[in-house]
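Numbering (the numbering used here), first residue to last: -13 to 175.
Here the structure is laid out as structure tokens; the discussion comes afterwards.
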């Protein structure tokens, strides 16, 4: 592992433990066991370091999502698998969880901006899959950006928000059924 990777790993640990706002370059240097000046040879400031870590995390999230698909499965089966993996990643990746928590509690502008950028990237990823589905004749022509937003927010609401106002979480099967009967039924050719 090279120095840059060591610094990124140390910074990820620090951001995960302390959040963006409370992380200092001194902490990162101490965890990485390097001088603070060494960090600045690779990253001009904390924000640049933070963005590098976040975009690496987004790449991991997309990879995990892609690995959930099955060859020969229908569009909606693979869409469901991908989006559920994105949401599971969002709920289980320690840094992602910390960022969501910090945004809710402290409203740190840099964290809010990054979470917005991550959501835009997720929506772009889903829209790309929808466009491919349309091109392959699996889906009716549609506004892929709008449908991606509708799908993602629907899944997010059913997976994350439902249990906040109801006594129990919905099963994955219940979520699949309701979205197949509503959104997907109007999209499929």
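Where a beta carbon is used, it is the ideal one built from N, C-alpha and C, also for glycine.
Buried versus exposed, by CB contacts within 10 Å (16 or more), residue i
| i | result |
| --- | --- |
| residue 93 | exposed |
| residue -13 | exposed |
| residue 132 | exposed |
| residue 123 | exposed |
| residue 15 | buried |
| residue 115 | buried |
Collapsed DSSP secondary structure at residue i in the structure displayed
| i | result |
| --- | --- |
| residue 156 | coil |
Assumed close pair residue i, residue j - CB separation to whole angstroms, cut-off 8 Å
| i | j | result |
| --- | --- | --- |
| residue 125 | residue 169 | Not really, about 11 Å apart at Cβ, beyond 8 Å. |
| residue 67 | residue 54 | 4 Å |
| residue 174 | residue 134 | That belief does not hold up - the Cβ atoms of residue 174 and residue 134 are roughly 16 Å apart, past 8 Å. |
| residue 36 | residue 96 | 7 Å |
| residue 119 | residue 29 | Actually they do not touch by this definition, with Cβ atoms about 39 Å apart. |
| residue 156 | residue 165 | Not confirmed; about 11 Å, so no contact. |
From the options, residue whose alpha carbon lies closest to that of residue i
| i | options | result |
| --- | --- | --- |
| residue 74 | 158, 175, 172 and 174 | 158 |
| residue -10 | 6, 5 and 19 | 19 |
| residue 49 | 28, 171 and 111 | 111 |
| residue 44 | 101, 25, 21 and 34 | 101 |
| residue 9 | 33, 78, 142 and 104 | 33 |
Given 8 Å as the limit, is there contact between the region -6 to 13 and the region 34 to 48, that is, 3 or more CB pairs closer than that?
-> yes
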